[in-house]
Amino acid sequence: MLEPIVRLRNVTVHRGDRPVLRDVNLDVAAGEFVYLVGRTGSGKSSLLKTLYADLPLREGSGVVAGHDLRKIKRRNLPALRQRLGIVFQEVNLLTDRSVAENLDFVLRATGWRRREERGRRINEVLHAVNLPAARDVMPYALSGGEQQRIAFARALLNKPALVIADEVTGNLDHETSLETLQLMRELARKNNAAILFATHDRRLLEHYQARTLRCKDGVITSLENPLP
Amino acid sequence: MHTPNKFYVTVSLALVLFLLGLTAYWAYLADDITRKFREDLDVVVELKADHTMEERRQLLAYLTQSPFNQPLTLPKFLDKEAALTSLDRELASDLAALGLNNPLLDVVTFNVPIDYSRSDSLAVVAAAVKSREGVDDVYYQKGFAEMLAVNARRVTLVVGGVVLLLLVITGILIHNTVRLSLSANRLLIKTQELVGASWGFISRPYLWRAVWQGLLAGLLAAAALSGTWYGLANYLPEIRSLEDGLPVLVICGSITALGVLINFLSYYIGVRRYLRLRIDDLY
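Set out below in structure tokens:
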């Protein structure tokens, strides 16, 4: 069996100094799709932040994409983050530049030196999210769903091993949410990327069933039958 | 890219550099004037009315080779007739025509080197010369050089304090601007952090801006300083005679380089601190 992308053992997730989740044991295999559900404030975001080392891991052990979260140093953060694709509810596209410039910015930040290669990769990801014409458009000229697809395209740029999606459909209507989810699942499968998809929208689970974890009352439980 | 804030930083840095340059030039000028006064410090040796030619010859020989005569200069003998003529010229009178006895004495004058220009050294020099045959008395401007030296030191101290204060103010100003600029760009920086950009990559644009901004501020200050000097030299031609503008050029170059250095360091420290704080807040 392949080494899992995420392996957490007896982890306590802290928000500030307060523990929000205890005894977290979690394995995510390569290419696997996992839902993470729970109410706002249940610790979903804190768990995800711990995974990309935006929150420190203080108790338990954790390995993400080959990086030990207990031992990770500041200078190793870039290496970890480059294996991940992170997408938020707030789209976080840079509003002062076009879609292509947004993507180019990330590629340059992650060491893509050749302009032609960057251009080619930008075209690839824009085609992948079915928005090839959005290249020179400013983010505010796109709809919410389109912006979220661009944010996802941005997350795919460096062929991540794991995509962390934190409430990405929070601002979208139901139909657009479904389209976005479908697209993400397809692309993740094509790229063999695992997805950890945090949402509080239970209706999404009805359409695309997958392994589901729930954060509730300070613990994570696996839902055998997630639909009520 | 050019927000008013960056404009203000450039202008205030230029202003500080200009003041720095001005104070440096002021210090240079004070030092230069003091040195010139000290170099020009004459000791006047009055010879007895009945001194012999041999005594005068020996005194001149003694002074020429003594350590308290400025090297490469010779002691000057001035006889009382010449002294009277020169006094007449200065007073625009004609005492010689009155046919009175010349009240003046023959004198020998010599320049002391700069390290003998302090009062205590001068007293020793005067005593040594006074003990020679045929010497009546020795005069010099007591304490004048000393006073100049003390004033020059005081000026240097005050100027040094002002410069230090200005540097601190500049540092704080730049630091605040960097923090403002970084927090205005925190989304940009957060994005870079999340996609895995290194600190070097994140800080590069700020450091480039620091270099250009420092250069611009330095050149502005240098231009202002040159303009001030030029105007001053026209107004007070004595300044121009004191030196040939090379020191001004050196100061202009220095404040430009200093502008780049100060700005670069301030930005560097500011950016690093900001990035580290973001992590320390978490860990």
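Sequence lines, in order, name chains G and Z.
Residue numbering for the first sequence follows the UniProt record's numbering, starting at 1 and increasing by one per position.
Residue numbering for the second sequence follows the UniProt record's numbering, starting at 1 and increasing by one per position.
Don't be surprised by glycine CBs; every beta carbon is placed ideally from N, CA and C.
Query: is_contact[Leu178 (chain G), chain Z] using C-beta, thresh 8 Å; Result: no
Query: Proximity of Gly62 (chain G) and Arg113 (chain G) at Cβ, strictly below 8 Å; Result: no
Query: For Ala221 (chain Z) and Gly227 (chain Z), the rounded distance between their alpha carbons; Result: 10 Å
Query: Extent of the continuous beta strand (DSSP E) run through Ala165 (chain G); Result: Leu162 to Asp166
Query: Boundaries (first-last residue) of the beta strand (DSSP E) holding Asn111 (chain Z); Result: Val107 to Asn111
Query: Closest Cα partner of Ile202 (chain Z) within the set Z:Gly214, Z:Leu216 and Z:Leu187; Result: Z:Leu187
Query: Where Leu188 (chain Z) meets chain G, residues with beta-carbon distance less than 7 Å; Result: Leu94
Query: Below-8 Å beta-carbon distance, Val106 (chain G) vs any chain Z residue; Result: yes
Query: Partner residues on chain A for Ala109 (chain G), Cβ-Cβ distance less than 7 Å; Result: Note that chain A does not occur in the displayed structure, where the protein chains are G and Z.
Query: Span of the alpha helix (DSSP H) around Ala194 (chain G); Result: Careful: Ala194 (chain G) lies outside any alpha helix (DSSP H), inside the beta strand (DSSP E) at Ala194 to Thr199.
Query: Neighbour flag for Ala188 (chain G) against chain Z, beta carbons, 8 Å; Result: no
Query: Short CB-CB distance (under 8 Å) between Leu126 (chain G) and chain Z; Result: no
Query: Leu8 (chain G) - containing beta strand (DSSP E), residue span; Result: Val6 to Arg15
Query: Start-to-end residues for the beta strand (DSSP E) that takes in Thr191 (chain Z); Result: From DSSP, Thr191 (chain Z) is part of no beta strand (DSSP E) but of the alpha helix (DSSP H) over Arg186 to Val195.
Query: Beta-carbon proximity list for Asn69 (chain Z), same chain, < 8 Å, skipping 5 on both sides; Result: Leu63, Pro75, Phe110, Asn111, Val112 and Pro113
Query: is_contact[Pro139 (chain G), chain Z] using C-beta, thresh 8 Å; Result: no
Query: Within chain Z, partners of Ala79 (chain G) - CB distance below 8 Å; Result: Gly196
Query: Any C-beta of chain Z under 8 Å from that of Gln82 (chain G); Result: yes
Query: Rounded straight-line distance, which links the Cα of Gly16 (chain G) to that of Ala197 (chain Z); Result: 25 Å
Query: Phe105 (chain G) classed as buried or exposed, judged by whether at least 16 other C-beta atoms fall within 10 angstroms; Result: buried
Query: Nearest-angstrom Cα separation, counted from Leu47 (chain Z) out to Ser131 (chain Z); Result: 12 Å
Query: Length of the line joining the Cα atoms of Glu175 (chain G) and Gly218 (chain G); Result: 32 Å
Query: Residue from Z:Tyr140, Z:Ile33 and Z:Ala123 whose Cα sits closest to the Cα of Asn151 (chain Z); Result: Z:Ile33
Query: Beta-carbon separation (whole angstroms), Val45 (chain Z) vs Val107 (chain Z), contact threshold 8 Å; Result: 6 Å
Query: Beta-carbon neighbours of Ile220 (chain G), restricted to chain Z and to distances below 9 Å; Result: What Ile220 (chain G) touches in chain Z: nothing, since even the nearest Cβ is about 22 Å away.
Query: Reference Ala223 (chain Z); option with closest CA among Z:Gly160, Z:Val248, Z:Val211 and Z:Ile269; Result: Z:Val248
Query: Beta carbon proximity, Ile86 (chain G) to chain Z, threshold 8 Å; Result: yes
Query: Reduced DSSP category for Gly60 (chain G) - H, G, I as helix; E, B as strand; rest coil; Result: strand
Query: Beta-carbon contacts of Tyr274 (chain Z) that lie in its chain and below 6 Å, excluding the five residues immediately before and after; Result: Leu182
Query: Tyr53 (chain Z), buried or exposed, once every other Cβ within 10 Å from all chains shown has been counted against 16; Result: Strictly speaking, residue 53 (chain Z) in this sequence is Met, with Tyr absent from that position. By the neighbour-count rule (16 or more Cβ atoms within 10 Å), Met53 (chain Z) is not buried but exposed.
Query: Proximity below 8 Å, CB of Ile262 (chain Z) to CB of Leu225 (chain Z); Result: no
Query: Continuous beta strand (DSSP E) stretch holding Glu46 (chain Z): start and end; Result: Asp42 to Leu47
Query: The region 192-200 of chain G in contact with the region 153-172 of chain G per 3-pair CB rule at 8 Å; Result: yes
Query: Inter-residue spacing [alpha-carbon to alpha-carbon] between Val129 (chain G) and Ile189 (chain Z); Result: 25 Å
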